[in-house]
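What follows is a single structure, written as structure tokens, with notes after it.
Protein chains: 2
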Amino acid sequence: MAMSCDHPDLLPLDEALARLWAALPAPASSEVRADRDDPAADLAAMDGVALRSEDGRAPRRLLGTLYAGDDPAAFTVTPGTAVRIMTGAALPAGADAILPVEQLHETEGQIHPQAIPEAGDHVRRRGGQACAGDLLLPADQPLNVARTALRAWVGRPLPPPRRIRVAVASTGDELVTDPLPHQIRDSNGPMLAALAHALGADVERRPALPDDPETLAAALRNPGGVRILMTSGGVSMGEHDHLPAVLKDLGATILFHKIRLKPGKPMLAAQLGDLLVLGLPGNPVSAYLNALLFLPVALAKLEGRALPDPWRRARLAAPVKHKGDRPLLHPCSLEDGQLHPLPGKGSADLVTLARADAFAWIEAPGQEAGARVRYLTVM
Amino acid sequence: MAMSCDHPDLLPLDEALARLWAALPAPASSEVRADRDDPAADLAAMDGVALRSEDGRAPRRLLGTLYAGDDPAAFTVTPGTAVRIMTGAALPAGADAILPVEQLHETEGQIHPQAIPEAGDHVRRRGGQACAGDLLLPADQPLNVARTALRAWVGRPLPPPRRIRVAVASTGDELVTDPLPHQIRDSNGPMLAALAHALGADVERRPALPDDPETLAAALRNPGGVRILMTSGGVSMGEHDHLPAVLKDLGATILFHKIRLKPGKPMLAAQLGDLLVLGLPGNPVSAYLNALLFLPVALAKLEGRALPDPWRRARLAAPVKHKGDRPLLHPCSLEDGQLHPLPGKGSADLVTLARADAFAWIEAPGQEAGARVRYLTVM
């Protein structure tokens, strides 16, 4: 029996997101330790000359040049000598300071300091960042780009990242390529495929599934190697909304079904073996917003990244009324840093969705103009 | 001659970003018009029965069921009859309202309304969203996921999106796999490749380039079909910083070289035929931050998306001092919504970069605790 009234016992969005996050495995990540002193030698921090600070402003004869990567053993700095040196190069024996190129004159192979160098000037000291064996990052920290670099830095590079495979399939007998008036085209399929692509997934778009439990079950039993299947439609309480029952029949673990969000109440997430099923509502705005909320969380967990926070905050330029006990995501344009509510026509309104910059989070009974609310940016 | 002091005439970051944005082409995008009325027929907005409102609470005999996509010509609703109908299905002739399933009782093929239906109740009227020919979206609007869906909806789907090809190459003779104390490993290559991958590009990591103008020129002349080449190093004023001169020799258009940002002063962007070169500084923090600022802008423009805004705002939990006339991006952790400045060791400090959640924008002479500043979230 369909129930269209709101229920206070529907799962709040944050709990649904937390369940999804908790259910998915993250790749293990080991601690990161310095494999050697960092820097491994005293290095020039600027372009200039490497010299003995104790000889003050005395002119020095240039012995040669050290570039980053050069072996400094080629030179030894003694009283009256110096070595031209580039940022990142190791200091030659005898030198204890860098005099930057701006602080010296040079004539015929001699440099004339215009400032008095002090020991350690513009030198990155060996071990100044870390000593060999130091813990640089504990185990099981979320992965990010900088941490990828740190692992490469200590000689333990990660394999090149791969994209999570995501399949997208709409459901519904009404979806056809050349629709009669009582039929429609599938816009959710291209939409969800574009979203998954933009979020970095390797996307496979599948033909729309008919409203038939057998076909649906077959598609779920044979996911074709994808990690996530996003469907739209078939999760509500209509007579053709077969997905929840089919998933249960197949022995899937339902992570949640029905959440406290408008639009998006029938949202479903389930695990069937290694397959995560995100069962999105069929209405375009609802499918879009729920995919925007749930897919980034699933991808981040599976890729070992931190839980994404999609929310920003801004003021409403005009009031938004809201009846009902589910929080509302209301379409807005963003102008001058303010959220301007758009006169949307509900969860089937693809035109307003296409014009929106953001969706503002509105709790009942609504928000006044000037209220600071959180919002999602559209992608 | 190297200049390490700050210059007020360095290009501000926002101008550099604007130049990059302006220099790159965006794919053309046509206007979107409704190809037919939307909805193309009167549709049920809820599960229930389709009936004649003027017959009020009188019981009706059920003629059958209409699912979404069914041809409604199968039924005609006459006085005393009704048709069970699912959300999205077209109304049969004669019916002018939907009575939701919650507002009726059903016994032996008859329904008994528990409420008085009114004409138009729970009906999405033909053309209620748009009429055939209506302009739904003007030409040359930035592309996004929702607009992809809208185009599919009106029968003008876009081809599946493709990933921009980006090559990544570090430069520097000091980069080796098994470094001696005066050498280092290449961490920028994996870092920039991971960033480009995370931003949705199709990434090709190339071997580090030596500090040699000929090799550099050869690499630039033969980009191997990539649209963007990101290099790190070789853009400063050291004797081995060959990239700017090599680009000029090849006839490249230098979009900018040197910006008002710390770290990141030597940042360079150039166009060489169809190749965009992002010449990032060599220090890891500097390379990271400049890639995080510039690459998303380039990808967005080339993909036809809107200019991304990476900035969020939060309060500083502690003061940050800053000398010098370039704005500083200072590493912070994010806790309880506040920015906690980290004691970073400058632009070579990969460890602090790996621990940071965000980089706060600090203008000289610094910011007090409690100041609201803009920040970038690390990826």
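Chains as they are written, first to last, in full-length UniProt numbering: chain A, 1 to 379; chain B, 1 to 379. Virtual Cβ for every residue (Gly too), placed ideally from N, Cα, C.
Query: Span of the beta strand (DSSP E), counted from its first residue to its last, around B:Leu-63; Result: 60 to 66
Query: Given A:Leu-11 as reference, the closest of A:Pro-331, A:Phe-256, A:Glu-368 and A:Ala-196 once Cα atoms are compared; Result: A:Phe-256
Query: Proximity test, Cβ basis, 9 Å: A:Tyr-375 and chain B; Result: no
Query: Spatial distance of A:Thr-352 from B:Ala-139 (CA atoms); Result: 16 Å
Query: Exposed unless 16 or more other CB atoms sit within 10 angstroms - verdict on A:Cys-131; Result: exposed
Query: Short Cβ contact (9 Å threshold) for A:Leu-199 with A:Met-379; Result: yes
Query: Chain B contacts from the segment 294 to 321 of chain A (Cβ-Cβ distance under 7 Å); Result: Arg-312
Query: Secondary structure, beta strand (DSSP E): runs of 3+ residues fully inside the UniProt domain "MoaB/Mog" (167 to 301) of chain A; Result: 202 to 205, 228 to 232, 253 to 257, 268 to 272 and 275 to 280
Query: Euclidean distance between Cα positions of B:Pro-356 and A:Ala-68; Result: Checking the sequence shown, residue 356 of chain B turns out to be Ala, not Pro. Distance between the alpha carbons of B:Ala-356 and A:Ala-68: 27 Å.
Query: A:Trp-311, buried or exposed, once every other Cβ within 10 Å from all chains shown has been counted against 16; Result: exposed
Query: 9 Å Cβ cutoff, B:Ala-187 in contact with chain A; Result: In the sequence under discussion, the amino acid at residue 187 of chain B is Ser, which differs from the Ala named in the question. Answer yes: the Cβ-Cβ gap between B:Ser-187 and chain A drops below 9 Å somewhere.
Query: For A:Asp-349 and A:Ala-2, the rounded distance between their alpha carbons; Result: Any reading at A:Ala-2 must be qualified, since the residue scores a pLDDT of 37, below 50, and its modelled position is unreliable; the value itself is stated next. Approximately 22 Å between the Cα atoms of the pair.
Query: Boundaries (first-last residue) of the beta strand (DSSP E) holding B:Glu-335; Result: 328 to 335
Query: CB contact check: A:Thr-65 to chain B, cutoff 9 Å; Result: yes
Query: Closest residue to B:Gly-225 among B:Asp-241, B:Pro-263 and B:Gly-273 (Cα-Cα distance); Result: B:Gly-273
Query: Helix, strand or coil at A:Glu-363 [DSSP, three-state]; Result: coil
Query: Continuous beta strand (DSSP E) assignments of at least 3 residues falling wholly in the segment 17 to 67 of chain B; Result: 48 to 51 and 60 to 66
Query: CA nearest to the CA of A:Ala-51, picked from A:Pro-213, A:Ala-40, A:Thr-65 and A:Pro-39; Result: Reading the sequence as shown, one finds Leu at residue 51 of chain A and not Ala. Of the listed residues, the one whose Cα sits closest to A:Leu-51 is A:Thr-65.
Query: Residue-level contact to chain A via CB, B:Glu-368, 9 Å cutoff; Result: no
Query: Close Cβ partners of A:Pro-266 (< 7 Å) along its chain, the five nearest in sequence each way excluded; Result: Val-235, Ser-236, Lys-258 and Pro-281
Query: Helix, strand or coil at A:Leu-150 according to DSSP, with G and I counted as helix; Result: helix
Query: Among B:Arg-57, B:Ser-53 and B:Thr-76, nearest to B:Leu-63 - alpha-carbon criterion; Result: B:Thr-76
Query: Close beta carbons around A:Arg-305, own chain, < 6 Å, minus the five adjacent residues each side; Result: Pro-142 and Leu-143
Query: Short CB-CB distance (under 9 Å) between B:Met-267 and chain A; Result: no
Query: Integer-rounded CB distance, given that B:Ala-201 should sit under 8 Å from B:Arg-163; Result: 6 Å
Query: Proximal residues to B:Ala-152 (C-beta, below 8 Å), its chain only, five neighbours per side dropped; Result: Leu-158
Query: Inter-residue CB distance, A:Val-154 and A:Ala-34 (contact presumed, cutoff 8 Å); Result: 6 Å
Query: DSSP state of A:Glu-15 mapped onto helix, strand, coil; Result: helix
Query: Contact set between B:Lys-262 and chain A, taken where Cβ atoms lie within less than 9 Å; Result: Those do not exist, as B:Lys-262 stays about 14 Å from chain A at its closest Cβ, beyond 9 Å.
Query: Host alpha helix (DSSP H) of A:Arg-355 (start-end); Result: 350 to 355
Query: A:Leu-195 vs A:Leu-13 beta-carbon contact at 9 Å; Result: no
Query: Partners in chain A for B:His-257, counting only beta-carbon separations shorter than 7 Å; Result: What B:His-257 touches in chain A: nothing, since even the nearest Cβ is about 17 Å away.
Query: Residue of B:Leu-302, B:Arg-374, B:Gly-94 and B:Pro-284 minimising C-alpha distance to B:Pro-327; Result: B:Arg-374
Query: Beta-carbon gap between A:Arg-124 and A:Ala-44 smaller than 9 Å; Result: yes
Query: Simplified DSSP assignment, three categories, for B:Pro-117; Result: coil
Query: Nearest neighbour of A:Ala-371, chosen from A:Arg-315, A:His-182 and A:Glu-363 [CA to CA]; Result: A:Arg-315
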